[in-house]
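Just so you know, the sequences run in chain order A and B. 1 is the number of the first residue of the first sequence in our numbering; add one for each residue after it. 178 is the number of the first residue of the second sequence in our numbering; add one for each residue after it. Written out below as structure tokens is the structure these notes cover.
There are 2 protein chains.
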Amino acid sequence: MKFAVCLLLASTSALAADAPYRDPGIGKVVQIAIVCKDVNACAQHWSQLLGKPAPKPRTTLPGGEVHLTYRGKPSTGQATLTFFDVGQDLVVELIQPVGPDTHWKEFLDRNGEGVHHIAFKIRDLDKTIASFNEQGMPLIQRGRFDKNNGDYCYMDTKDKLGVTIELLHWDDPSKNP
Amino acid sequence: MKFAVCLLLASTSALAADAPYRDPGIGKVVQIAIVCKDVNACAQHWSQLLGKPAPKPRTTLPGGEVHLTYRGKPSTGQATLTFFDVGQDLVVELIQPVGPDTHWKEFLDRNGEGVHHIAFKIRDLDKTIASFNEQGMPLIQRGRFDKNNGDYCYMDTKDKLGVTIELLHWDDPSKNP
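Okay, here's the thing in structure tokens:
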């Protein structure tokens, strides 16, 4: 009986040790991102829908300046972006791919316009990437924010979750969950 | 000068009268819906991601019992659904198409798995459908909720907004914005 209890405890402990890390930020979607051919035209339609001015889209820095990697290789790709608030701590991001070698361009070429990803803010980025990796959802694309104050990562989650997940992480810990 | 002011006033008034109706519910996304091939498998992956039990999926009533119309014609189509909370008043809906003649099946056949729509709760459904229609975004699919206590409508917004919009409306006005 003692032996059985020991076995059970050992097994429970092993399970807990093996359980993948789950970041406190996972569970609250903060962004719905749409890839489109013409971000200005799409933003005008969103502006009309929401009754809000369309914020001026801005183009990200060239990939080389924001440490952009795409499927494991450096990329020079860029995108033109704009954002609309659509709830408390929830934005729609519109993304027009610029240049080659990005997941944005790959998505547009394969699927046409549509929802490219949904995003979570993450407290521990390294642990979360490792955890996704262990669960068969590796990194696709990673880069620094233009302001050089944080990182974003697209994870290969579409086959399992039906959508690509983006992890967002600021250098300033007070901006993360 | 007086003539010019009168013209200006007349023009402003005409613009206001012509402005499309914008429902108070437009602007707050309440749902991100993903079409998938196997809702049970996809729900297991979401359960693992979020660390929450997977709610048991349920299959909607046959289209004929919930006044389902698809591209203007009655449909017998169904879907198997489940939901996960991913924020305050925000859910991920997983949808597996069942049977023919639905926008869910059309999406899966054309695009594979992915985000099918995002949803807003609406106060005045008839006015909102008319308003979307005026703006070149007509109705694609409409049906009653299974509990026969409200309606959902998919609007043809993908070309303009990059994603299909769903309008949700309960018969009980206190449940709407």
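Note that the Cβ used here is the ideal one computed from N, Cα and C, for glycine as well.
Contact between B:Ala-220 and B:Leu-271 holds: their C-beta atoms lie close to 6 Å from each other, under 8 Å.
Positions of the alpha helix (DSSP H) runs, each at least 4 residues long and wholly inside the stretch 109 to 174 of chain A, are given as 125 to 134, 158 to 161 in order along the chain.
Selection A:Met-137, A:Gly-114, A:Glu-65, A:Tyr-152 evaluated against A:Glu-166 yields A:Tyr-152 as nearest (Cα-Cα). Within the same chain, Gln-96, Leu-108, Glu-113 come within 8 Å of A:Lys-37 by CB-CB distance, once the 5 residues on both sides are set aside.
Using a Cβ-Cβ cut-off of 8 Å, B:Lys-335 counts as an interface residue toward chain A, since at least one Cβ of chain A sits closer than that to its own. Under a criterion of Cβ atoms nearer than 9 Å, the residues of chain A adjacent to B:Asn-288 are, in order, Asn-111, Gly-112, Gly-114. Considering only B:Lys-233, B:Val-340, B:Ala-196, the residue with the shortest C-alpha distance to A:Asn-111 is B:Val-340.
Note that the C-beta distance between B:Pro-232 and B:Asn-217 is not below 8 Å.
The beta-bridge partner set that DSSP reports for A:Pro-177 is empty. Pairing A:Lys-175 with B:Gly-264 gives a Cβ-Cβ distance that is not under 8 Å. Per DSSP, A:Gln-88 is not a residue of any beta strand (DSSP E), being assigned neither H nor E.
The Cβ-Cβ distance between B:Asp-349 and B:Val-243 does not fall below 8 Å. Only exposed fits B:Asp-303, as fewer than 16 other CB atoms lie within 10 angstroms of its CB. Taking the beta carbon of A:Cys-153 as reference, no residue of chain B falls within 8 Å; the closest one sits roughly 15 Å away.
At the C-beta level, A:His-117 and A:Ala-33 come within 8 Å of one another.
Under the 10 Å beta carbon count, A:Lys-121 is surrounded by 16 or more other beta carbons and is classified as buried. Between B:Glu-311 and B:Pro-197, the CB-CB gap stays under 8 Å.
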